[in-house]
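Participant:
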Amino acid sequence: MKWSKLIRGINVVAFSCMTVAVLLPEIVEARLRVVATTTILADTVQQIGHDKVAVRSLMGSNPHHYKIRTEDIRHLSQAHLVIYNGLSIENGLRRVLSQLPKNVYIIDVSDCLPKKNLRSSHQFDDHHSHSHPENSCGYHYDPHFWLNVNHWMVVVRQIEKSLKVIDSNQAHFYHMSSNKYLGQLNELDQYIRSQSEKIPVNLRFLVTSHNALGYFGQAYGFETDGLMGTEGEETSIANLRRLSYKIMDQKLTTIFWDNTTSRKSMQALQESILAKGHKVSLAGPILVGGVLDSRQTLQNCDKHNHSTYDGMMRHNVDTILVHLTPQQGRR
Ligand SMILES: [Zn+2]
Ligand SMILES: [Zn+2]
239 MKWSKLIRGI NVVAFSCMTV AVLLPEIVEA RLRVVATTTI LADTVQQIGH
289 DKVAVRSLMG SNPHHYKIRT EDIRHLSQAH LVIYNGLSIE NGLRRVLSQL
339 PKNVYIIDVS DCLPKKNLRS SHQFDDHHSH SHPENSCGYH YDPHFWLNVN
389 HWMVVVRQIE KSLKVIDSNQ AHFYHMSSNK YLGQLNELDQ YIRSQSEKIP
439 VNLRFLVTSH NALGYFGQAY GFETDGLMGT EGEETSIANL RRLSYKIMDQ
489 KLTTIFWDNT TSRKSMQALQ ESILAKGHKV SLAGPILVGG VLDSRQTLQN
539 CDKHNHSTYD GMMRHNVDTI LVHLTPQQGR R
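Counting the sequence shown from 1 gives a position; this note's numbering is that position plus 238.
(1) The alpha helix (DSSP H) with T277 in it runs from where to where?
(2) Expressed to the nearest angstrom, what Euclidean distance is found between the alpha-carbon atoms of L423 and H553?
(3) Out of curiosity, what's the CA-to-CA distance linking Q488 and K340?
(4) Taking only heavy atoms of ligand 1 into account, decide whether any of them is closer than 7 Å to the Cβ of H448.
(5) Is it right to say S367 is buried, meaning 16 or more other beta carbons lie within 10 angstroms of its own, or is it exposed?
(6) Does the beta-carbon of L530, which I'm using as the reference point, lie nearer than 7 Å to any heavy atom of ligand 2?
(7) Could you check how far apart the C-beta atoms of A450 and H542 are, in whole angstroms? I think they sit under 8 Å.
(8) Which term fits R246, buried or exposed, when burial requires 16 or more other beta carbons within 10 angstroms of its beta carbon?
(9) Thinking C-alpha only, which one of V555, A274, T282 is nearest V392?
(10) Compute the Euclidean distance between the alpha carbons of Q505 and M414, then round it to the nearest angstrom.
(11) Chain C beta carbons: is any one of them nearer than 8 Å to that of D310?
(12) The beta strand (DSSP E) with G324 in it runs from where to where?
(13) Nearest to G528 by alpha carbon, out of S299, K502, R294?
(14) Suppose you measure from the CA of D427 to the CA of S358; what does that come to, to the nearest Å?
(15) Could you tell me the distance, in whole angstroms, from the CA atom of M516 to the CA atom of Q537?
(16) Is any heavy atom of ligand 2 found at a distance shorter than 7 Å from the C-beta of N536?
(17) Should E372 be labelled buried (16 or more other beta-carbon atoms within 10 Å of its own) or exposed?
(18) What first and last residue would you give for the alpha helix (DSSP H) that runs through M486?
(19) Would you say the beta carbon of V570 comes nearer than 7 Å to a heavy atom of ligand 1?
(20) Assuming V342 contacts A317 under a Cβ cut-off of 8 Å, what Cβ separation, rounded to an integer in Å, is found between them?
(21) Quick check: the Cα distance between S545 and I511, rounded to an integer number of angstroms?
(22) Can you tell me whether R533 is helix, strand or coil according to DSSP?
(23) Let me know the beta strand (DSSP E) ranges lying completely inside the segment 366-433, each 3 residues or longer, listed in chain order.
(24) Comparing the CB of H542 with every heavy atom of ligand 2, is any distance shorter than 7 Å?
(25) According to the Cβ coordinates, are G324 and V347 closer than 8 Å?
(26) In or out: V266 buried (at least 16 other Cβ within 10 Å) or exposed?
(27) State the Cα-Cα distance for the pair V445 and L401, rounded to the nearest angstrom.
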C-alpha cells in the first residue's frame, strides 16, 4: 500500500483533543482497522470512512452494562485507531485502554467538547447522591452528549482529523465525506428542532427509564427526568415516589422507556401512578445508548433506519412527538 509506506516515516503525532501521542503501526491491510467502543461512534466512523475503514464496535446498544471479553482486548490491541466516548462510558475498559500497545492511535472524543458544553452533576443530580472516586470534587459529567446533534458534529470533525493523520493519502476523501455527513447532520438537527416545536411548551417534559436525555432536552427545549441516574444506576423507592408526584403535578400523560434499561422498571412507575388515579401511558423505546444492530427490528416502528445515528435520532423525536402531542393521537 502506497499510503502505508508514507505514514511509516511519521513517528509521533499530537494535536489538540488527542489523548495519546503514538507510534503509527505498520499497516498491512487495505483498510484501516478502527475499533469504536459504542455503536454510535462506529456508525459515525463508517459514515466518514466508508470502504477505507473496517469498523468494529464493542458495546452493543447498552454501554452501561458492558462487560469486557477476551476478543475485545485482541481487537483493541490490533487496531490502527481506537475511538472512545469518554466521561464514564468506558469505565470497564479504562485499564485496558491505558495498556494498549504504543502503536495504537487512541482518541477520547469527549475531549473535543469544551467543558462548558458538558452537563455536570451539579446541574442534574439534585436527587441522587453519587460518589465518583476519579473526581475529587465529587461531581461528574453526563456522558450522553451524542443526543445533542450539535455536539456530535464536533465529534465528526475530530474523527475526520484523526483519520487524516493516520491515513494522510486519503485526507481529501475523509474531508469530503465528513463535509457531506455534516450536511446531513445539520438537516437532522433542523428536523428535530421543527418536530419538537410542534409540541406545546407545557407538554415538553420527558421522563425516561434512565436520565439520559439531558443534552437532548437542553438542545431542543424539553425538561427531562429519569427513574435511574445518568449512568443507569438502580433507583430507590424514594425516587420512584418523587417522580410519580412530579408526573401527576405536571399532568403528564406519557412516560417513556429507553433501550438501555428493562421496560419493567418503567411499568412499576406507571403502575404506581395509575394506582393514585392518574392516567399515564408508557411509550417507547427511546434509543439512547446505541443504535440497533442492522438485523434487529423494532416491533412498533419500521419508519427509520435504527442502525444509524441519524435514524436513531429521528426515531426518538418522532416517537416523542406522537406521544406528547394530543391531536396526533396514539399509536
Ligand atoms: Zn446511558
Ligand atoms: Zn423508528
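Here a beta-carbon is modelled for each residue, glycine too, at the ideal position from N, C-alpha and C.
Facilitator: A quick look at the data gives this:
(1) By 1-based counting over the sequence shown, the position of residue 277 is 39. Residues 277-287.
(2) Residue 423 sits at position 185 when you count from the first residue of the sequence shown. Residue 553 sits at position 315 when you count from the first residue of the sequence shown. Roughly 14 Å between the two C-alpha positions.
(3) The residue labelled residue 488 in the question sits at position 250 within the sequence shown. The residue labelled residue 340 in the question sits at position 102 within the sequence shown. For Q488 and K340, the distance between alpha carbons rounds to 54 Å.
(4) Position 210 of the sequence shown holds residue 448. H448 Cβ: within cutoff of ligand 1.
(5) For the purposes of this step, residue 367 is identified with residue 129 of the sequence shown, where counting begins at 1. Because the pLDDT of S367 is 42, which lies under 50, any placement of that residue in the model is unreliable, and the question is left without a value.
(6) Within the sequence shown, residue 530 is the residue found at index 292, counting from 1. Answer for L530: no, Cβ out of range of ligand 2.
(7) In the sequence shown, counting from the first residue as 1, residue 450 sits at position 212. In the sequence shown, counting from the first residue as 1, residue 542 sits at position 304. So it is not a contact: roughly 19 Å between Cβ atoms.
(8) Mapped onto the sequence shown, residue 246 falls at position 8. Confidence at R246 is low in this model, with a pLDDT of 38, below 50, so its placement is unreliable and no value can be given for it.
(9) On the sequence shown, position 154 is the one that residue 392 refers to. Among V555, A274, T282, the Cα nearest to that of V392 belongs to T282.
(10) The residue labelled residue 505 in the question sits at position 267 within the sequence shown. The residue labelled residue 414 in the question sits at position 176 within the sequence shown. Cα to Cα, Q505 sits roughly 46 Å from M414.
(11) Protein chain content of the structure displayed is limited to a single chain, and chain C is not contained in it.
(12) The count along the sequence shown starts at 1 and reaches residue 324 at position 86. Where G324 is concerned, there is no enclosing beta strand (DSSP E), given that its DSSP letter is neither H nor E.
(13) Sequence index remark: in the sequence shown, residue 528 carries index 290 (1-based). Of the listed residues, the one whose Cα sits closest to G528 is S299.
(14) The residue labelled residue 427 in the question sits at position 189 within the sequence shown. The residue labelled residue 358 in the question sits at position 120 within the sequence shown. Distance between the alpha carbons of D427 and S358 is about 23 Å.
(15) In the sequence shown, counting from the first residue as 1, residue 516 sits at position 278. In the sequence shown, counting from the first residue as 1, residue 537 sits at position 299. What sits at residue 516 in the sequence shown is His, not Met. Whole-angstrom Cα-Cα distance: 27 Å.
(16) Indexing the sequence shown from 1 puts residue 536 at position 298. Per the sequence shown, the amino acid found at residue 536 is Leu instead of Asn. Under cutoff, so the answer is yes.
(17) As a working note, residue 372 is residue 134 in the sequence shown. Below a pLDDT of 50, predicted positions are generally treated as unreliable, and E372, at 45, falls in that range; no measurement from the model is reported.
(18) For the purposes of this step, residue 486 is identified with residue 248 of the sequence shown, where counting begins at 1. Taken as a continuous stretch (DSSP letters only), the alpha helix (DSSP H) holding M486 covers 475-487.
(19) Beyond the ends of the chain as shown, which are 239 and 569, falls residue 570; an answer cannot be given.
(20) Taking the sequence shown and counting its residues from 1, one reaches residue 342 at position 104. Taking the sequence shown and counting its residues from 1, one reaches residue 317 at position 79. So it is a contact: roughly 6 Å between Cβ atoms.
(21) Counting from one through the sequence shown, the residue named residue 545 turns up at place 307. Counting from one through the sequence shown, the residue named residue 511 turns up at place 273. Near 34 Å, if we compare the C-alpha coordinates of I511 and S545.
(22) Residue numbering aside, residue 533 sits at position 295 when the sequence shown is read from its first letter. Three-state DSSP puts R533 in coil, outside helix and strand.
(23) none
(24) The sequence position of residue 542 within the sequence shown is 304, counting from 1. Yes, Cβ of H542 sits closer than 7 Å to a heavy atom of ligand 2.
(25) Residue 324 sits at position 86 when you count from the first residue of the sequence shown. Residue 347 sits at position 109 when you count from the first residue of the sequence shown. In this structure, V347 lies closer than 8 Å to G324 by Cβ.
(26) Counted from its first residue, the sequence shown places residue 266 at position 28. In this predicted model, V266 has a pLDDT of only 47, less than 50, meaning its place in the structure is not dependable; the value taken from the coordinates is given anyway. Per the 10 Å Cβ criterion, exposed.
(27) Reading the sequence shown from its first residue, position 207 is the one you call residue 445. Reading the sequence shown from its first residue, position 163 is the one you call residue 401. Whole-angstrom Cα-Cα distance: 38 Å.
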